[in-house]
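Each remark here refers to the structure printed beneath this line.
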Amino acid sequence: MPYSARMQKSHLYSVFFAPRGNERMADLGMQIAQQYLSPFDKLIGLIGVAGSGKSMIIRGMFPGLELTNDDDGVNVRPLPLLGADDDMGFYRAHTYHIDVRFESAFKQMHELAEAILHAVGKGKRVVVEHFDLIYPQLGRNAHLLIGIGEEVIVTRPTLFGPKPTEISDVVVGTIKTRLMVHTAEDICEFVLCMQGIEQHQYEHSDVRGGFILSFSTEPEINIEALEKGVNELIGADVPVSFADESHIMIGDNLHKCTGPRMHVRSAGEIKKLTLLKELLKEPITERYLLVGVVGDIDDVDELNHIVLQV
Numbered sequence: 029m030p031y032s033a034r035m036q037k038s039h040l041y042s043v044f045f046a047p048r049g050n051e052r053m054a055d056l057g058m059q060i061a062q063q064y065l066s067p068f069d070k071l072i073g074l075i076g077v078a079g080s081g082k083s084m085i086i087r088g089m090f091p092g093l094e095l096t097n098d099d100d101g102v103n104v105r106p107l108p109l110l111g112a113d114d115d116m117g118f119y120r121a122h123t124y125h126i127d128v129r130f131e132s133a134f135k136q137m138h139e140l141a142e143a144i145l146h147a148v149g150k151g152k153r154v155v156v157e158h159f160d161l162i163y164p165q166l167g168r169n170a171h172l173l174i175g176i177g178e179e180v181i182v183t184r185p186t187l188f189g190p191k192p193t194e195i196s197d198v199v200v201g202t203i204k205t206r207l208m209v210h211t212a213e214d215i216c217e218f219v220l221c222m223q224g225i226e227q228h229q230y231e232h233s234d235v236r237g238g239f240i241l242s243f244s245t246e247p248e249i250n251i252e253a254l255e256k257g258v259n260e261l262i263g264a265d266v267p268v269s270f271a272d273e274s275h276i277m278i279g280d281n282l283h284k285c286t287g288p289r290m291h292v293r294s295a296g297e298i299k300k301l302t303l304l305k306e307l308l309k310e311p312i313t314e315r316y317l318l319v320g321v322v323g324d325i326d327d328v329d330e331l332n333h334i335v336l337q338v
């Protein structure tokens, strides 16, 4: 058995925060590839709803891979995977991409499954979006399975699971929280701008069910007024919509955003935003942290708690 496969033989699953923003998603994909992808993995499955960040994870894991559902590529045709056996010798691709949900509008599921299995049998690698949809036709699991919801789950399935349906149930159930948090974060940024705090003055980080804005120097922020301003917009059910690849619309206002497709449709879908009423100072980096959570903060020390099954 190759060393890289032996090294991960006992790996059940790993969990990461699903970052909000295309660059951070691509960076996470690169990290996943470095830590968990083996050169001998031929079938890579991704699971998550539209807009969850599957394509950005793939871009980070496989830089330069042509995505067949890429808007910029106007949906690659014909599907390269279906021509994987063409006689092109040295120039035949090694890695193929397929979006099962999209391709099922043009081909029968059994045709897509046959093409995937044929390519894998020829030693090619196939990266499959919406892997849970094709799994019943494939009759086999992926070598590496990645689910994207509020968190990113990375697992190397065995005969005993986890099955794609299990991963799908988890990520589909949690994606709404991620959409609410991202929208609340952008509305918070919008209100901060009105207080004179510009977006370039802080960095972004994550906490379970919420977000962190990290400052290198202590900012002058009226946290109670900020929270009130955000919740007023939530109460007014202000519409939130995609503007372009770098901006969203919050009501009639254009707002810069690094993940513009990842939001609820209107602020009223967010429960409420609770901000920790004091800035925390991170002892290692000495940065000042503004912490926001969708819902209530019961205990700030338990936000990233681990749920153990006994």
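Number 37 in this note's numbering belongs to position 9 of the sequence shown; there are no gaps in the numbering. Quick reminder that beta carbons are idealized off the backbone N, C-alpha and C, glycines included.
Between Ala78 and Val199, what straight-line distance do the alpha-carbon atoms span, to the nearest angstrom?
Annotation: Ala78 to Val199 spans about 12 Å, alpha carbon to alpha carbon.
Gly320 versus Val219: straight-line alpha-carbon distance, rounded:
Answer to the nearest angstrom: the Cα atoms are 13 Å apart.
Going by DSSP, name the residue or residues bridged to Met277.
In the DSSP assignment, Met277 is bridged to Ser269 and Leu282.
Going by the beta-carbon positions, is the gap between Leu282 and Ala264 smaller than 7 Å?
No, the pair does not count as a contact, with Cβ atoms beyond the cut-off.
Identified DSSP bridge partners for Ser42:
Ser42 pairs with Val182.
Tell me Gly238's beta-bridge partners as DSSP assigns them.
In the DSSP output, where bridge partners are listed per residue, Gly238 has Val235 and Val321.
Below 8 Å, can you find three or more Cβ-Cβ pairs linking the segment 297-308 to the segment 316-331?
Verdict: yes, contact present.
Rounded to whole angstroms, what is the Cα-Cα separation between Lys284 and Asn97?
Each residue's Cα considered, the two are about 25 Å apart.
Hey, would you say Cys216 sits closer than 7 Å to Val258, going by beta carbons?
Yes.
Would you kindly report the start and end of the unbroken alpha helix (DSSP H) that includes Asp55?
For Asp55, the enclosing alpha helix (DSSP H) stretches over residues Asn50 to Tyr64.
Starting from Lys303, follow the alpha helix (DSSP H) in both directions and report where the run begins and ends.
A small fix is needed here, since residue 303 is Leu in this sequence, not Lys. Where Leu303 is concerned, there is no enclosing alpha helix (DSSP H), although the beta strand (DSSP E) it sits in stretches over Leu301 to Leu303.
When Met137, Glu139 and Ile144 are compared against His125, the one with the closest alpha-carbon:
With respect to the C-alpha of His125, the residue from Met137, Glu139 and Ile144 having the closest C-alpha is Ile144.
Quick one: using the 10 Å Cβ neighbour count with 16 as the cut-off for buried, is Val268 buried or exposed?
Counting Cβ neighbours within 10 Å, Val268 comes out buried, since at least 16 surround it.
Report back the beta-carbon spacing between His146 and Lys70 to the nearest angstrom; my notes put them in contact at under 8 Å.
Not really, about 12 Å apart at Cβ, beyond 8 Å.
Do the segment 238-254 and the segment 159-170 touch if we need at least three Cβ pairs shorter than 8 Å?
Flag = no, the segment 238-254 and the segment 159-170 do not touch.
Answer yes or no: do Leu307 and Leu318 have a C-beta to C-beta separation smaller than 7 Å?
Less than 7 Å divides the Cβ of Leu307 from the Cβ of Leu318.
Taking the straight line between their C-alpha atoms, what separation do you get for Phe243 and Arg52?
Roughly 18 Å separates the two Cα atoms.
Pull up the distance between the alpha-carbon of Asp127 and that of Pro247, whole angstroms please.
The straight-line gap from Cα to Cα measures roughly 44 Å.
Apply the 10 Å Cβ neighbour rule to His158 and answer buried if 16 or more other Cβ atoms are within range, or exposed otherwise.
Buried, by the Cβ-count rule.
Spatial neighbours of Arg289 within its chain, please: CB distance less than 8 Å, with the 5 preceding and 5 following residues excluded, ordered by chain position.
These residues qualify, in order along the chain: Gly79 and Phe270.
Report yes if the C-beta distance between Val292 and Thr183 is below 7 Å; otherwise report no.
Not in contact: Val292 and Thr183 (Cβ atoms no closer than 7 Å).
Where Phe45 and Ile225 are concerned, what is the direct C-alpha to C-alpha distance, given to the nearest angstrom?
When rounded, the distance between both Cα atoms is 26 Å.
Got a sec, what are the start and stop residues for the alpha helix (DSSP H) Asp197 sits in?
Pro192 to Met222 is the span of the alpha helix (DSSP H), which, as asked, contains Asp197.
CA-CA distance, Thr245 and Gln227?
Cα-Cα distance, rounded: 14 Å.
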